[in-house]
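The structure under discussion appears below in the form of structure tokens.
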Ligand SMILES: Cc1cc2nc3c(=O)[nH]c(=O)nc-3n(C[C@H](O)[C@H](O)[C@H](O)COP(=O)(O)O)c2cc1C
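Residue numbers (this note's numbering): 56 to 234.
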């Protein structure tokens, strides 16, 4: 199984990346092949029509990569009650590529997708981002498997047994679901 993680957080050593690293650990322990893509570091951010040419090209390449995965994770810290600009810019391009390219659109349809959201406060602040990802899953006719929302995110807490156990359970849940 090929699992792609599309991380919209700018901090490669941040809390969102700590959650996705633990998820990857579990996935790989179960025999999956995983790859994490840090969108911000590929120049995928803000409005790509006004952004860099390479940012747009990278986003298109990532859309094809997304289409090639068996399971995808959309990961983002919550910034000002929303997903990051990087994840939003990637989703914008993914929608455009699906509209223009029938073969990609076909591969994205039915795609198993899950979300990882981290926040400093309680999980209510992630509601907008969670429903935006649910909506985009519906629009692209993907199979949305659920969201892992980590409120009061903190590296020590993420490393703790309780959180690690929650992450393992989430990983197992989304790996088991078959479309
Ligand atoms: C610019 C900015 C805006 C943020 N806005 C929110 C917010 O609206 N609600 C919230 O709970 N946390 C907010 N946070 C905190 C982050 O969501 C939280 O610290 C997150 O776990 C950081 O993940 P990271 O380490 O992967 O960047 C904000 C952080 C930054 C830098």
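Cβ coordinates follow ideal geometry from the N, Cα and C atoms, glycine included.
All figures in this text were calculated on a predicted structure; none of them were measured in a lab.
Query                                                                                                                                                                  : Result
When we look at the beta-carbon of residue 56 and count the other beta-carbons within 10 Å, is it buried (16 or more) or exposed?                                      : exposed
Using CA coordinates, which residue listed in 218, 59, 223 is at the minimum distance from residue 122?                                                                : 59
Grab me the residues of residue 85's own chain with a C-beta within less than 7 Å of its C-beta, minus the 5 sequence neighbours each way, in chain order.             : 230
Can you find the residues in the same chain that come closer than 7 Å, C-beta to C-beta, to residue 184, ignoring five residues on each side of it along the sequence? : 131, 133, 137, 138, 172
Got a sec, what are the start and stop residues for the alpha helix (DSSP H) residue 148 sits in?                                                                      : 140–155
Say the cut is 7 Å; is the CB of residue 64 nearer than that to a heavy atom of ligand 1?                                                                              : yes
Within 8 Å, do at least three Cβ pairs link the segment 93–108 to the segment 205–215?                                                                                 : no
Check residue 198 in the structure and name its three-state DSSP category.                                                                                             : strand
May I have the straight-line CA-CA distance separating residue 222 from residue 151, to the nearest angstrom?                                                          : 32 Å
How would you write the range of the beta strand (DSSP E) that residue 170 sits in, first residue to last?                                                             : 167–173
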